[in-house]
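Engineer: Input: one structure, supplied below.
In the working numbering, the protein residues as written are 334 to 449.
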């Protein structure tokens, strides 16, 4: 069973920073890609940032230059450092893992609220 557990969400003022962490049960080398998605109220879930098994990264245009995704294979964790937060960054953030086949796994989500 694959478990993804997010932490680090909360309430922050615009311009502030938060660091999200996702702890993964077992080895992360089982997964081709790890990523963070977010979903704002009334909107579809969207990709925020992604990191591959080899360390290549991909970001949504809206967060480039402000967010940084990283993985710590020794700790089985994927982190998302979020700086210069804006009100439009508000939403539920979900950790995602895709294995080397067609299967995706999701965490339960952590709420990020940015007050303007």
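Think of the CB as a built atom: it goes at the ideal place given N, C-alpha and C, for glycine as much as any other residue.
1) Using a Cβ distance threshold of 8 Å, determine whether the region 395-403 contacts the region 438-448, with at least three qualifying pairs required.
2) Please specify which runs of the beta strand (DSSP E), each continuous and at least 3 residues long, are wholly inside the region 387-439, giving them in chain order.
3) Just curious, the beta strand (DSSP E) that residue 442 is in, first and last residue?
4) At what residues does the beta strand (DSSP E) containing residue 349 begin and finish?
5) With respect to the beta strand (DSSP E) encompassing residue 364, which residues constitute its N-terminal and C-terminal limits?
Structural biologist: The relevant details are as follows:
1) no
2) 390-392, 400-405, 410-415, 424-432 and 437-439
3) On the chain shown, position 109 is the one that residue 442 refers to. Counting along the chain, residue 442 falls outside any beta strand (DSSP E), and DSSP gives it neither H nor E.
4) Taking the chain shown and counting its residues from 1, the one referred to as residue 349 is at position 16. Careful: residue 349 lies outside any beta strand (DSSP E) and carries neither H nor E.
5) Here residue 364 refers to the residue found at position 31 when the chain shown is read from its first residue. Note, residue 364: beta strand (DSSP E), 364-372.
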